[in-house]
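Per this note's numbering, the very first residue in the sequence shown carries number 228; after that it's consecutive. Each remark here refers to the structure printed beneath this line.
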Amino acid sequence: METTIKIFKALSDESRLRIFLLFIQSEELCVCELVNILNMEQSRISHSIRILREAGLIVNRREGRWIIYSINPEIKNNEIIYGLKNEVKLPEQDLENFAKCKKKNIREKCKCN
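Following this line, the structure appears as structure tokens:
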């Protein structure tokens, strides 16, 4: 039950929920991609990512100069997550920005650390 409470608390904020839904949409993202997609400050995104990581929802790996984030494979079959994937949709603007970000290959152009 404690894990479920952590998940709900982490996803109770709109920004964190949007970030998490983007991870469901994509295999993986870096902070600079999230900044471009969500039009939010890097510090706000980094704070949200920390909370999502502490809740066990996302994991990270280093790839060169980038830290790449993705959904924690251990929760991919979680019924709560499965329900989110089917019931909660990203705002249309986020989806459009996501497509633009991938098309422009933002990760290769930014100076993420």
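Each residue gets a CB set at the ideal place from its N, CA and C atoms; glycine is no exception. Computed from a prediction, not measured in an experiment: that's the story for all the values here.
CA-CA distance, residue 299 and residue 282?
Against the sequence shown, residue 299 aligns to sequence position 72. Against the sequence shown, residue 282 aligns to sequence position 55. Roughly 10 Å separates the two Cα atoms.
Among 255, 237, 332, 312, nearest to residue 284 - alpha-carbon criterion:
Translated into positions along the sequence shown, residue 284 becomes position 57. Minimum Cα distance to residue 284 is reached at 237.
Meets three-Cβ-pair contact criterion under 8 Å: the segment 301 to 309 and the segment 255 to 274
no
I need the boundaries of the beta strand (DSSP E) containing residue 286, first residue and last residue.
On the sequence shown, residue 286 is found 59 positions in, with the first residue counted as 1. Start and end: 285 to 290.
Under the DSSP definition of a beta bridge, which residues are partnered with residue 244?
By 1-based counting over the sequence shown, the position of residue 244 is 17. Paired residue(s): none; residue 244 is not in a bridge.
For residue 297, which beta-bridge partners are listed by DSSP?
For this step, residue 297 is matched to residue 70 along the sequence shown. Paired residue(s): 286.
What residue from 228, 293, 319 has the CA that sits closest to residue 333's CA?
Residue 333 sits at position 106 when you count from the first residue of the sequence shown. Considering only alpha carbons, the answer is 293.
Which two residues bound the contiguous alpha helix (DSSP H) that contains residue 259?
To locate residue 259, count along the sequence shown from 1; it is residue 32. It spans 258 to 265 - the alpha helix (DSSP H) in which residue 259 sits, taken as one unbroken run.
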